[in-house]
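Numbering (my numbering), first residue to last: 1082 to 1531.
Think of the CB as a built atom: it goes at the ideal place given N, C-alpha and C, for glycine as much as any other residue.
Each remark here refers to the structure printed beneath this line.
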């Protein structure tokens, strides 16, 4: 890339220098003819004509096709480097690399990239005034983020920088960075003079913003695909693990001798359970179907431990019964309660409640009166920044993987206002609450697109 740029610069310099030399030769010839009072002979005319021909030839070497080829090559190179910078998404590091790469290609004095709240990178004259990490400073940027449309201005704006100085931004173009219908940031070009805001610069800003938005959308889809695949694998592993399979088949086998009718019923339910497991993998299903799958799971555990040892109740409000949710979002919570909260004696009571939370959210609650856990262990279940729960602690080991998997999925699918929360105390049981924000859900956005 560097050698190509140096080659183009050398060619440009050679053509420019040749033109200047030719012009000097013409000037010298004309000056000589006039100062020496030599007749303007055919030789003089031929000499001037030859020099003019050289100038025209030099100009023809820089025809429009050559210029278009050069600019196309440069644009593709910039685009390639920007896409490479965004491989890990929109971060302060990738934003800085993009701004550094773009500023030589435009007339902008400053280029900045923001997310919805803060500056991610700022390169150019205003870099010290609007540093990375500082809040968005202009109303124009907030307007672009709110409405998702490109804005340009050619009247001066006074903006207070982070260093206390008030800077005058004479002109600018601001374009949204979008993933689908959601604006996640802005690309900003500031100029030293209003006349710099022309059609070419506007096309550059909008073109680069669309290119960045496309790459960010691809990155988002890749993350969602990866998380969905990981969730599917973990969910299937949790359900087709050797222990569960071995214990369930042994339970059914034991009933073939003592209660053949019950054995046939369990075998039929077992078949339906795994068929639904495979059918639901990676899909959205109504809440009622997820609850039905959870009840099937409990059928096998109650057959194994005894119906008096595991008692469950389900409450699903009618107005949310058909709400679509990702498969394997309730059943793993109930499975963890059975596996880790069941004490050596007495019954384990599990209560599953699904209801609306406000106008635009869904609340899923799974509560048990089992062995419980201390605050430190509970805090680690949903916080990936903390060490994994102690495998020897009640509900600590196996629960940690499943809980973090669920937390990861709901944050990705339902946005930042969704959460998974656990409340527990030793000997008093555990309550896990999932709050799913349906407004910022990617599924809601999909519905709008359709």
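Check, Outcome
"I'd like to confirm the pairing. Which residues does DSSP put opposite residue 1418 in its beta bridges?", "In the DSSP output, where bridge partners are listed per residue, residue 1418 has none listed."
"Express the C-alpha separation of residue 1519 and residue 1380 in angstroms, rounding to a whole number.", "31 Å"
"Using only the alpha-carbon positions, how far apart do residue 1354 and residue 1180 sit?", "53 Å"
"Which partner residues does residue 1267 have in the DSSP bridge list?", "1195, 1257"
"So for residue 1187, helix, strand or coil by DSSP?", "coil"
"Examine the Cβ distances between the region 1337-1351 and the region 1390-1403 and report whether three or more of them are shorter than 8 Å.", "no"
"According to DSSP, which residues form a beta bridge with residue 1202?", "1194"
"Tell me whether residue 1233 sits in a helix, a strand or coil according to DSSP, three-state version.", "strand"
"Between residue 1247 and residue 1506, what straight-line distance do the alpha-carbon atoms span, to the nearest angstrom?", "55 Å"
"Going by alpha carbons, who is nearest to residue 1294 out of 1256, 1515, 1415?", "1256"
"Have a look at residue 1262 and residue 1228 and give me their C-alpha separation to the nearest angstrom.", "10 Å"
"How about residue 1484 and residue 1500: are their beta carbons less than 7 Å apart?", "no"
"If you compare alpha carbons, which of 1408, 1387, 1384, 1345 is closest to residue 1374?", "1408"
"Quick check: the region 1437-1448 against the region 1509-1517, are there 3 or more CB pairs under 8 Å?", "yes"
"Does the region 1263-1271 come close enough to the region 1223-1241 to have 3 or more Cβ pairs within less than 8 Å?", "yes"
"Taking residue 1416 as the reference, which of 1341, 1493, 1406, 1432 has the closest Cα?", "1432"
"List the DSSP bridge partners of residue 1392.", "1430"
"Check residue 1039 in the structure and name its three-state DSSP category.", "Absent from the structure is residue 1039, since the part of the chain shown begins at 1082 and ends at 1531."
"Provide the residue span of the beta strand (DSSP E) that contains residue 1501, from first to last.", "1500-1506"
"Looking only at DSSP bridge pairs, what is residue 1510 linked to?", "1506"
"Going straight from the alpha carbon of residue 1402 to that of residue 1421, what length do you get?", "28 Å"
"Should residue 1427 and residue 1508 be called a contact, given that it needs their Cβ atoms to be closer than 7 Å?", "no"
"Check each candidate in 1356, 1209, 1207 and name the one with the smallest Cα separation from residue 1370.", "1356"
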